[in-house]
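Data first, discussion second: the structure below is written as structure tokens.
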Amino acid sequence: MTRGAIVENAVVGVSLYDPENPQSSAGGILTVNDGEFRNNTIAVNFAPYQNFSWSSGIPIGNRSSFRNCRFVVDDEFPGDVSDFQEHVTMRRVTGIDFHGCTFRNNFENGNFTYADERRFGIVAIDSDFSVSALCADIGTPAPCLNFQNSEFSGFSMGILAFNTSTVNTFRVNRTDFSDNYVGIAASRIDNISVTRCTLRVGTALPGLYNPYQGLRIYNGTGFKVEENHFEVYDFFDPGKLRVGSVVIHSKFEPNEIYKNTYHNLDHGNLVNSVNRGGLGVGLEYLCNGNQDNVFDFSVPLGASIALNQGTQSSAAENVFTAMPTQNETHFQNQGPVINYFHSSGNAPTNFTISTVTPIAANQNSCISKLPGDDDGKLTDDERDDFINDYSNGSNQKEKIYAANMLIRDYVIDTTNQDLDSVRLWLSNKNQLIAHFAITDSWLQASDATAAQQVLNDIPNQFVLTGEELTEYNHFSTLKNIQINAVQTGKTDAQIVSENQTTLTQLAQAGNYYASVQAQNLLNSVNGFTYEPILVLPTGSQNIIAPPNEPVVETEIRDKPVLQAVPNPTQNETVFYFRNLPETTENAEIRISDLNGKVLSSIILTAEKSGMVRWNAEKLGEGVYIYSLFADGKILKTNRLVIVK
Numbered sequence: 016m017t018r019g020a021i022v023e024n025a026v027v028g029v030s031l032y033d034p035e036n037p038q039s040s041a042g043g044i045l046t047v048n049d050g051e052f053r054n055n056t057i058a059v060n061f062a063p064y065q066n067f068s069w070s071s072g073i074p075i076g077n078r079s080s081f082r083n084c085r086f087v088v089d090d091e092f093p094g095d096v097s098d099f100q101e102h103v104t105m106r107r108v109t110g111i112d113f114h115g116c117t118f119r120n121n122f123e124n125g126n127f128t129y130a131d132e133r134r135f136g137i138v139a140i141d142s143d144f145s146v147s148a149l150c151a152d153i154g155t156p157a158p159c160l161n162f163q164n165s166e167f168s169g170f171s172m173g174i175l176a177f178n179t180s181t182v183n184t185f186r187v188n189r190t191d192f193s194d195n196y197v198g199i200a201a202s203r204i205d206n207i208s209v210t211r212c213t214l215r216v217g218t219a220l221p222g223l224y225n226p227y228q229g230l231r232i233y234n235g236t237g238f239k240v241e242e243n244h245f246e247v248y249d250f251f252d253p254g255k256l257r258v259g260s261v262v263i264h265s266k267f268e269p270n271e272i273y274k275n276t277y278h279n280l281d282h283g284n285l286v287n288s289v290n291r292g293g294l295g296v297g298l299e300y301l302c303n304g305n306q307d308n309v310f311d312f313s314v315p316l317g318a319s320i321a322l323n324q325g326t327q328s329s330a331a332e333n334v335f336t337a338m339p340t341q342n343e344t345h346f347q348n349q350g351p352v353i354n355y356f357h358s359s360g361n362a363p364t365n366f367t368i369s370t371v372t373p374i375a376a377n378q379n380s381c382i383s384k385l386p387g388d389d390d391g392k393l394t395d396d397e398r399d400d401f402i403n404d405y406s407n408g409s410n411q412k413e414k415i416y417a418a419n420m421l422i423r424d425y426v427i428d429t430t431n432q433d434l435d436s437v438r439l440w441l442s443n444k445n446q447l448i449a450h451f452a453i454t455d456s457w458l459q460a461s462d463a464t465a466a467q468q469v470l471n472d473i474p475n476q477f478v479l480t481g482e483e484l485t486e487y488n489h490f491s492t493l494k495n496i497q498i499n500a501v502q503t504g505k506t507d508a509q510i511v512s513e514n515q516t517t518l519t520q521l522a523q524a525g526n527y528y529a530s531v532q533a534q535n536l537l538n539s540v541n542g543f544t545y546e547p548i549l550v551l552p553t554g555s556q557n558i559i560a561p562p563n564e565p566v567v568e569t570e571i572r573d574k575p576v577l578q579a580v581p582n583p584t585q586n587e588t589v590f591y592f593r594n595l596p597e598t599t600e601n602a603e604i605r606i607s608d609l610n611g612k613v614l615s616s617i618i619l620t621a622e623k624s625g626m627v628r629w630n631a632e633k634l635g636e637g638v639y640i641y642s643l644f645a646d647g648k649i650l651k652t653n654r655l656v657i658v659k
């Protein structure tokens, strides 16, 4: 496109494929400098395509790029505001770069009831992309001193990215987020990088299910979250909760939230589900600064982080809110016990005494761990250092951390997508989940034979029992469907159409690798219906009751709602339900085990919305399914975690 060009009022502004034959015509390259995309239902749509070097035949990125571009919808939009989808859609492409671009949803808030309805800036499915700044200096100084950051404002989610069967990832650097329900949401993506961003959390509209969030990482590992600033967007309503960073089920590997700042939030950092492995490893919070938060770090029931936060030789070195307002402002931990290593003068004072053990340690210098290149790539020296760290590492934590840094570097190299090196370092991790990723890397390369071979060999590589066996069985079910799709040339839409029941069962099985991939696959075809419901620490000030604003006649607001609070629970939970069909005569909530056996049933009254308390004391610890039925038809199903 020529400089200064405007694309407006289109259903799809630019399609990088022939809509009549997308599978055989994808792969166009779009380079835009100083362009504007205004009031399009979708501004730019990338269809699946793998680019290759004409000389070497190796996979390379798409090469499309956007510099100083503006993507906006406003009240001059030619259709109904609900017609707007997202500014950019990417599906199974790599190498798409945005530099110094703005993404805005300027529709008036009066058009909506919930922030969930404001749609998305970028939606990326199994895609590699980057969002970063432009250098605003005159001339070509090195290094750059002044940056024109990218921006996202006014969305349900500024960036929504998820994977179903690839190892692609994304980078966001020097980008500002404000007035969004969720700034960045990543689902089943490993090795993401979010650095040097400002995320202003909150918006005027309420959320349908969750508190406002700056960054959410769901079922991903190997992430780099560093040198970002999280703060409250505005004081619209002190009753609406704002969370800076959320990590859900990063599982057993060493991960870090490192050297970020959190200001004036209800929860600076929140975790859900399992983020803890053996030998003291898991998710650590290191070198973060906190100011005026209600809670700096929050671990609710059923969640966990690494046993050791920092080490004796290098303290965690977080700075806590100076004037705490709660007994547990600094560290609220309702999960397993942690050891918190602190240097002199940086000890927490307001924490959960029964589960947080402060231990004096040596000071952590908190040096920057950002890669030498501003685009997130490692320098040659840094790459050699990580290879040496892996070779000479004294423990599994050091080795896996080094391997993850190298894996990200190979994945994001769009000049030469070296998936063989990715597979090598995944194999070096010697983890079950890493072998899942190797399988996905072969699916990404459309090599069904190799994917099947790796999948079949996993039981020979690991002794699978208990949860790991369940994890593998779910993964095997999904991958066999996807391998068949590669062999027969089926699209994601065809996969979903032919396997709706199986995919739904997988999606509802839990936080498993394949379950989240199945959720993502269903979302990508059927619309965004699966979203993790955040669990907050127990206590009246932390429980979010479903909003009680009047129901308006729109598709999302008319859908039945069922939510359990608190969840996880020990003894009692409250089921909130809304939007039962007007014709409903008999309604009930059923609680079942994972095999479908009904364990309890709650008959609901004639009201179409309401709440009912339920005692869980008779059930043992575990995961259960609760479902809303109306006249024998299932309307909504969710998971309930009981902890004892």
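Number 465 in the working numbering belongs to position 450 of the sequence shown; there are no gaps in the numbering.
We treat Cβ as the ideally placed atom computed from N, Cα and C, and that holds for glycine.
Computed from a predicted structure; not experimentally measured.
Does DSSP put residue i in a helix, in a strand, or in coil?
| i | result |
| --- | --- |
| Asn305 | strand |
| Ala560 | Because Ala560 sits at a pLDDT of 33, beneath the cut-off of 50, its placement in the model cannot be relied upon, and the point is left open. |
| Glu568 | With a pLDDT of only 31 at Glu568, under the threshold of 50, the placement of this residue in the model should not be trusted; the figure read from the coordinates follows. Three-state result, Glu568: coil. |
| Tyr273 | strand |
| Val371 | strand |
| Asn403 | helix |
| Gln520 | helix |
| Asn499 | helix |
| Ile618 | strand |
| Asn24 | coil |
| His450 | helix |
| Leu230 | strand |
| Phe99 | coil |
| Thr492 | helix |
| Leu484 | helix |
| Tyr639 | strand |
| Glu268 | coil |
| Tyr425 | helix |
| Leu655 | strand |
| Asp438 | The sequence given here has Arg at residue 438, not Asp. In this structure, Arg438 counts as helix in the three-state DSSP scheme. |
| Ser383 | coil |
| Gly297 | strand |
| Ser68 | coil |
| Glu597 | coil |
Could you round the C-beta distance between residue i and residue j to whole angstroms and report it? I think they count as a contact, below 8 Å.
| i | j | result |
| --- | --- | --- |
| Ala148 | Gln163 | 6 Å |
| Met105 | Phe52 | That belief does not hold up - the Cβ atoms of Met105 and Phe52 are roughly 15 Å apart, past 8 Å. |
| Arg119 | Phe67 | No, Arg119 and Phe67 are not in contact; Cβ-Cβ is about 35 Å, not under 8 Å. |
| Gln327 | Ala376 | 5 Å |
| His489 | Ala449 | About 17 Å; that fails the 8 Å criterion. |
| Asn305 | Val352 | About 22 Å separates the two Cβ atoms, so there is no contact after all. |
Identify, in the order they occur along the chain, each residue of the same chain with its Cβ nearer than 6 Å to the Cβ of residue i, setting aside the five sequence neighbours on each side.
| i | result |
| --- | --- |
| Asn348 | Val314, Thr367, Thr370 and Val371 |
| Met420 | Phe401 |
| Gly317 | Pro583, Val656 and Val658 |
| Glu299 | Glu271, Ala321 and Gln324 |
Please classify residue i: is it buried, with 16 or more other beta-carbons within 10 angstroms of its beta-carbon, or exposed?
| i | result |
| --- | --- |
| Ser30 | buried |
| Gly504 | exposed |
| Asn407 | exposed |
| Ala157 | exposed |
| Leu94 | Checking the sequence, you will find Gly at residue 94 rather than Leu. Exposed, by the Cβ-count rule. |
| Arg215 | buried |
| Gln534 | buried |
| Val296 | buried |
| Thr480 | exposed |
| Thr516 | exposed |
| Gln228 | buried |
| Ala130 | buried |
Among the residues of its own chain, which have a CB less than 7 Å from the CB of residue i, if the five just before and after it don't count?
| i | result |
| --- | --- |
| Gly637 | Ile657 |
| Val613 | Arg605 and Ser607 |
| Gly525 | Val638 and Arg654 |
| Arg438 | Ile453 and Ser456 |
Report all residues from its chain with a CB closer than 8 Å to the CB of residue i; omit the five preceding and five following residues, and keep chain order.
| i | result |
| --- | --- |
| Gly293 | Phe267 |
- Touching by the beta-carbon criterion (3+ pairs, under 8 Å), the stretch 260–275 and the stretch 285–297: yes
- Item | Meets three-Cβ-pair contact criterion under 8 Å: the stretch 134–154 and the stretch 185–202 | yes
- Query: Are there three or more Cβ pairs, one per stretch, closer than 8 Å when the stretch 243–250 is compared with the stretch 453–470?
  - Reply: no
- Task: May I ask you to verify whether the stretch 471–480 touches the stretch 221–238, counting CB pairs closer than 8 Å and requiring at least 3?
- Result: Judged by Cβ distances under 8 Å, the stretch 471–480 makes no contact with the stretch 221–238, as fewer than three pairs qualify.
- Spell out a yes or no on whether the stretch 121–128 and the stretch 67–81 are touching, meaning 3 or more CB-CB pairs, one atom from each, closer than 8 Å. no
- Item | the stretch 163–173 touching the stretch 189–203, judged by at least three CB pairs closer than 8 Å | yes
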